[in-house]
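Residue numbers (my numbering), protein chains in the order written: chain A, 81 to 337; chain B, 81 to 337.
Virtual Cβ for every residue (Gly too), placed ideally from N, Cα, C.
It should be emphasised that the depicted structure is a prediction, and the values quoted were computed from it without experimental measurement.
A quick write-up on the structure given underneath.
There are 2 protein chains.
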Amino acid sequence: MRKLGRTPYKQQIADDLREQIADGSLSPGDQLPTEAELEKRYGVARGTVRQGIEILINEGLVVSARPKGHFVRERKPMVFRPQAEFRPRPYTPEMDAFMTESSADGREARQTIEVSIVEAPAEVAKRLQLDAGQLVAVRRRVRFLDGEPFNINDSYFPLDLVQDSEIMRPQNITQGANEVLADLGYRQVRALDELYVRMPTPEEVKRLDLSPGTPVGYHVCTGFTEEGKAVRVAVTVLPGDRHVVSYERRRETDPAS
Amino acid sequence: MRKLGRTPYKQQIADDLREQIADGSLSPGDQLPTEAELEKRYGVARGTVRQGIEILINEGLVVSARPKGHFVRERKPMVFRPQAEFRPRPYTPEMDAFMTESSADGREARQTIEVSIVEAPAEVAKRLQLDAGQLVAVRRRVRFLDGEPFNINDSYFPLDLVQDSEIMRPQNITQGANEVLADLGYRQVRALDELYVRMPTPEEVKRLDLSPGTPVGYHVCTGFTEEGKAVRVAVTVLPGDRHVVSYERRRETDPAS
DNA sequence: ACGGCAGGATTGTCTAGTCAATGCGGTCAA
DNA sequence: TTGACCGCATTGACTAGACAATCCTGCCGT
């Protein structure tokens, strides 16, 4: 029992369980066999079993609910549509066909808002074309659905633009921050979206109550006025298990047709 | 040394090292202290040290190069621009300001192509408005940059549309598969992009040679003709450590202005 | 009927060790 | 000089155990 050159036990355990999850013998929400059970079944030490399960946890397939056991993870993403701010119209009809499951219907929505003035983080300063250390206003929001944190949205504005405006008040802005900016003379007509895929920082894990093995989409949106001035940078952190990012595109500048 | 209620040692070790990575005392490419070294430094068993490092590996911050040691991971993402197929024009000028680092300049590009006819996977069938099990043509590509696998792109087409066309040949299509489809009378004018963020499957890990702790963006693009017929589903797997997804948007249907 | 408490099942943390696998550098022979 | 080989440092896999933490369940007393 001490020679290698085979696939490690932990890997085999992970593979077997993953297979069972894939083929449906274990459905989302089901409990996995207990560690003791697997220990017996495979004839290995508990530490090895745990390492096998650890693999699945880090793949986001399993969550542990101590001390009840390990469970197959459930995943129900919600649509995140960056375009909505410029084009609030509904999806193309074809969309419904495969997106009906992702809706916020009947769920209780809520958000916390916190406004402050900070030195622009390098990433933000770069996009707002400011020097490092210049001050910006930031509206930090955490959005909840049914009491669970759903995503983080931090919007940064050059301080001189929004000083004393409604944006500085830590309340819900009914007509939207973009409209307020427009009223101030900074209507955004273009935006650049960047989406990074990575593992969350510990801080994000805490703020969003993420379980291990949950990657996040890190969405940075920079809004520009007609004159090409960057007036807003919105950073959104989207837990991968709770979101689908969606865009619609149309062909432009047809060369033929 | 046997009472808990404190933060676990493994967590502390991970936190300390993460901190050092964040503040620059450990730069990308640097070697971490060896396990033996950390064992001594923290006065814990080697297993505990390993668990601490494991955390960072799963966060994508550290890679191990056995038996040389553990190293701080390097990350250089490349821009992925789904819009390019409909709008090959360059970025907005502002883009350069913070995207210059992400370019393929001077790197050797290559791809493998493999064409086959398969039963449509459920996910694809749904989007192509086919019944489960109907046949589709699929072009599977793995794209390499400097010999390293960079992303996977599988494009599915309803079999009856592309039968005997150039799309069925496992070669590079110089004018692009979309042009071939257009020549066949199925010009795409709209597309729907969906982007899921998740951990890779073991198969994806193998195909893309991903190191642990690398999440992927799972990009599904459905292309529609003028009549609203779905004629193409492209599934792209984007390793998070090697890509930024980018979109440009413009305000439409101005209500005011 | 109800509240609290004890015990049990289960996962979480950790120790102290063994042996395997691997890449690198240095030694030594051709 | 070159190539083969050996040893070493390091990480990888695993064992067998101990004790901690946590939630649930069922019992008991009021």
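Do residue i and residue j have their C-beta atoms closer together than 8 Å?
i              : j              : result
D234 (chain B) : R220 (chain B) : yes
L290 (chain B) : E283 (chain B) : no
Y298 (chain A) : R278 (chain A) : yes
V204 (chain A) : V195 (chain A) : no
V198 (chain A) : V218 (chain A) : yes
A271 (chain B) : R121 (chain A) : no
I101 (chain B) : P292 (chain B) : no
H150 (chain B) : Q111 (chain B) : yes
Q243 (chain A) : A310 (chain A) : no
R98 (chain A)  : V269 (chain B) : no
Check the C-beta distance from residue i over to residue j and give it rounded, since I have them as a contact under 8 Å.
i              : j              : result
D321 (chain A) : R155 (chain A) : 5 Å
A200 (chain B) : Q214 (chain B) : 5 Å
Between the Cα of residue i and those of the options, spot the shortest distance and give me the residue it belongs to.
i              : options                        : result
D273 (chain A) : A:A314, A:A189, A:E134         : A:A314
T87 (chain B)  : B:P157, B:T128, B:L112, B:P108 : B:T128
L141 (chain B) : B:L106, B:R331, B:V260, B:E328 : B:L106
P295 (chain A) : A:V260, A:G308, A:L275, A:Q92  : A:L275
L225 (chain A) : A:P250, A:A189, A:P201         : A:A189
R161 (chain A) : A:L210, A:P250, A:D110, A:C301 : A:C301
I232 (chain A) : A:E328, A:I93, A:R121, A:P319  : A:P319
T305 (chain B) : B:R267, B:L208, B:A202         : B:R267
I193 (chain A) : A:Q111, A:F166, A:Q251, A:D103 : A:Q251
G265 (chain B) : B:E307, B:D211, B:T281         : B:E307
G303 (chain B) : B:T316, B:T281, B:R207, B:D95  : B:R207
P280 (chain A) : A:T316, A:D96, A:G227          : A:T316
Please list, in chain order, all residues of the same chain as residue i whose beta carbon is under 8 Å from its beta carbon, the five residues on each side excluded.
i              : result
R126 (chain A) : E115, A116, E119
I247 (chain A) : V195, A217, R219, F237, I253, A257, V260, L261
D211 (chain B) : A205
L263 (chain A) : Per the sequence presented here, residue 263 (chain A) reads as Asp, with Leu not at that position. For D263 (chain A), where only same-chain residues beyond five positions count, there are no Cβ hits under 8 Å.
G227 (chain A) : E188, R190
K148 (chain B) : Q111
Quick one: residues in its chain with C-beta nearer than 7 Å to the C-beta of residue i, no 5 flanking neighbours on either side, listed in chain order?
i              : result
R153 (chain A) : P108, G140, L141, V142, V143
K90 (chain A)  : T128, Q131, G132, I135
Q191 (chain A) : R221, V222, R223, F224
K286 (chain B) : none
Skipping 5 residues on each side, what residues in its chain have a beta carbon closer than 6 Å to that of residue i?
i              : result
A164 (chain A) : none
L288 (chain A) : P229, P319
F166 (chain B) : none
T180 (chain A) : In this prediction, T180 (chain A) scores a pLDDT of 46, lower than 50, which makes its location untrustworthy; no coordinate-derived value is stated.
S326 (chain B) : V159, R161
A94 (chain A)  : G132, I135, L136
V124 (chain A) : Y89
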